[in-house]
Amino acid sequence: MSVLKIENLSKNYGPIKALDNLNLEVEKGQILGLLGPNGSGKTTTLGIILGILSPSAGNFSWFDNKYGEKHRLHIGSILETPNFFPYLDADDNLEIVRQIKGVDSKDFDEVLELVKLKGRRKSKFRTYSLGMKQRLAIAATLIGDPDVVIFDEPTNGLDPKGISEVRSTLSEIASRGKTVIMASHILNEVEKICTHVVIIKKGKLLAKGNVGSILSNDITIELLSDNKDVLFNFLKAHPKIKNISQDGNKLECNADKDLNIGDLNAEALNNGIKLTHLVAKKRSLEQEFLEITSN
Amino acid sequence: MLRLIKLEWSKFKKNTTLTLLFIFFCVFFPATLFFGSILPTGLPNFLPSKDSFFSFPGIWEYLGYAGNWIVFFFLGVIVIYTFTIEVSNKTLRQSIINGLTRQEVFISKLINVVLLSAFATLYYTLLSFIIGLINTEDFSLGIAFSNEMAIPRFFLMSFSYMTFALFLAFVFRKAGIAVFFYISYVIIIEPLIRMVAKEKIYSGAYINYFPMNATEDLMPLLGAKTTNSFPTNMDFAFLLTFKEAAIFTIIYTLIFLFISYSLFIKKDI
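If you read the protein sequences in the order shown, they are chains W and H. Here the working numbering is used: the first residue of the first sequence is 1143, the next is one more, and so on. Here the working numbering is used: the first residue of the second sequence is 110, the next is one more, and so on.
What follows is the structure, encoded as structure tokens:
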């Protein structure tokens, strides 16, 4: 089932094209990472599909129009910042969300437990740290058990502890089988959580697909030897190796995925090269991202 | 509808600023009686005697005029605040993200205006009735309510001030500038425009038909009507009749509501 369908969506701010003819479809159960540098149009896209910005052209539909105008009641979302009444506590703020969603259950224990705010539920929102505010916002998205949750830069501005707390909460939510859309520019975050990725830049879609297909099959190899020049020439002559570069002391290169790293070590030894360091890594999303967005 | 009222109540019942403004309104309104009671005795002879301020039917006009200022000031600011605080905390945006439609947001703010107007009118009626009852010797219901429709006039006046306040909140979206424009428009800008229009463009009754002047004329100062019979160099009256004031106030109110709605329904939030 299609959860979200975006067709030819554009948004102009005067002469600036924040979003340029975007097409996208999100299926049920996908954990979609919306990637792009700052100012690429991620938040604009989310703002339009959440009804707070009006598009200059194009259209979108949620849940195949099953819920009509009321589709946002089935979506839990944070956009940019956690938005709550500063003079109300967690319970009161969640109560307001509950009333809007039209949900009966007034039991916020479970969601507050999930984001570890149960102990501070009676403190006013304005007394919260940024991490706590962000976590309350995540809790709010889960009220009424929505089909889809949307997070916009969920770990933005948090300290390392906050980031890891939020990340584990997100993984937990993702494991519940909900459809998740997450905008981010922090790539290992997306790589760890998402099943699918969309990369946009300057409002244009550059790539989309599942995380595996975006990540190319090449592996990256790091090598170190006492005689670097000999090693370099050896790698250069090797048929399965390309893109050799120097990274500090180490040499780094890309190789076909069928290259066996043990064989490579043996070949090197046969050529009189003793490797002191040899590591094979899968290419990270970050490398792919930089390559895709640099063009 | 009840759902929207409950929602607004949940948002604002614990807000200190609003609670204080509301208490001020409830205290200052009857406190204006005190000012009436300490007026010097030798009033100019075109004004009614001081005693008639507090007995029927004078009390309706006296408290009505006092309410004119108090409602304009306190309730107008409350209405601006209930919208702009939601803009600055971005809870307006979040409410829509969470699932309210823009129509529902607009209606809930309009309901605030209606409920506040109804409360103010009820409070005005109660105060006038009690004070009038205490100070009128020959009491009868006929005398008590011979007030030229003061109660609906008061409601319309309150509704008009608050609609104008809401309109400015929708336009400016920031509390400071909206409150500043609201107060200065009513007290300075519109009277200035009317004065300049009269002096420089054309001196005629049309200067009485400006929106806030029409609203003010729904509840004019006690005795101000007699000034209409003063000989002046103007060939038109100082005040609108109640009927004229009511018709024009309703027209302006509808215009303000229409513009507010059109602005809000499609604007990026």
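Quick reminder that beta carbons are idealized off the backbone N, C-alpha and C, glycines included. Just so it is clear, the structure is predicted and the values come from calculations on it, not from any experiment.
Would you give the residue range spanned by the beta strand (DSSP E) that residue i belongs to?
| i | result |
| --- | --- |
| W:T1362 | I1361 to S1367 |
| W:Q1241 | Per DSSP, W:Q1241 belongs to no beta strand (DSSP E); it is in the alpha helix (DSSP H), A1232 to K1243. |
My output table needs one value for residue i: the three-state DSSP class, helix, strand or coil.
| i | result |
| --- | --- |
| H:D247 | coil |
| H:A323 | helix |
| H:K218 | helix |
| H:M110 | coil |
| H:T210 | coil |
| W:L1300 | coil |
| W:S1219 | strand |
| W:V1339 | strand |
| W:A1199 | strand |
| H:S226 | helix |
| W:D1206 | helix |
| W:S1271 | coil |
| H:E117 | helix |
| W:D1400 | coil |
| H:A346 | coil |
| H:E257 | coil |
| W:N1225 | coil |
| W:L1347 | strand |
| H:N317 | helix |
| W:I1383 | strand |
| W:K1153 | strand |
| W:D1249 | coil |
| W:L1259 | coil |
| H:S237 | helix |
| H:M328 | coil |
| H:L231 | helix |
| W:R1277 | helix |
| H:F281 | helix |
Leaving out five residues on either side along the sequence, give the residues of the same chain with a beta carbon under 8 Å from the beta carbon of residue i.
| i | result |
| --- | --- |
| W:V1291 | I1217, G1218, S1219, T1283, L1284, I1315, K1320, T1321, V1322 and I1323 |
| W:P1179 | H1327, K1343 and T1435 |
| H:F238 | A253 |
| W:K1260 | D1251 and L1254 |
| H:N207 | none |
| W:Y1229 | K1266, F1267 and R1268 |
Along the alpha helix (DSSP H) that carries residue i, what are the first and last residues, could you check?
| i | result |
| --- | --- |
| W:K1370 | K1370 to A1379 |
| H:S197 | G185 to S197 |
| W:N1407 | I1403 to N1412 |
| H:G173 | G167 to I179 |
| H:C135 | T125 to S146 |
| H:I356 | F351 to K375 |
| W:D1183 | Just to set this straight, residue 1183 of chain W is Gly in the shown sequence, not Asp. Counting along the chain, W:G1183 falls outside any alpha helix (DSSP H), and DSSP gives it neither H nor E. |
| H:G285 | A284 to S293 |
Here's the rule I'm using: 16 or more other beta-carbon atoms within 10 Å means buried, otherwise exposed. How should residue i be labelled?
| i | result |
| --- | --- |
| W:I1335 | buried |
| H:A175 | buried |
| H:E195 | buried |
| W:I1356 | buried |
| H:M110 | exposed |
| H:P261 | exposed |
| H:P320 | buried |
| W:I1242 | buried |
| W:R1268 | exposed |
| W:S1306 | exposed |
| W:V1397 | Note that residue 1397 of chain W is Ala in the sequence shown, not Val. By the neighbour-count rule (16 or more Cβ atoms within 10 Å), W:A1397 is buried. |
| H:Q93 | This structure does not reach residue 93 of chain H, given that chain H is present from 110 up to 378, and the question cannot be answered. |
| W:P1224 | buried |
| H:Y311 | exposed |
| H:V136 | exposed |
Leaving out five residues on either side along the sequence, give the residues of the same chain with a beta carbon under 6 Å from the beta carbon of residue i.
| i | result |
| --- | --- |
| H:F162 | G145 and Y171 |
| W:L1401 | K1382 |
| H:M258 | none |
| H:S217 | L113 and E117 |
| H:F264 | S226 and T230 |
| H:T141 | A175 |
| H:N379 | The structure shown does not extend to residue 379 of chain H, since chain H spans only 110 to 378, so no value can be given for it. |
Per DSSP, which residues does residue i bridge with? Please list them.
| i | result |
| --- | --- |
| W:T1311 | According to DSSP, which records beta bridges pairwise, W:T1311 is partnered with nothing at all. |
| W:S1326 | W:L1177 |
| W:D1294 | W:A1325 |
| W:V1421 | W:E1364 |
| W:K1264 | Beta-bridge pairing links W:K1264 to no other residue. |
| W:V1168 | W:L1146 |
| W:D1287 | Paired residue(s): none; W:D1287 is not in a bridge. |
| W:K1392 | W:D1389 |
| W:I1356 | In the DSSP output, where bridge partners are listed per residue, W:I1356 has none listed. |
| W:K1159 | W:N1154 |
Cutting at 7 Å between CB atoms, please list the residues of its own chain near residue i, excluding the five before and the five after it.
| i | result |
| --- | --- |
| W:Q1172 | T1321, T1337 and H1338 |
| W:A1349 | I1341, I1356 and I1434 |
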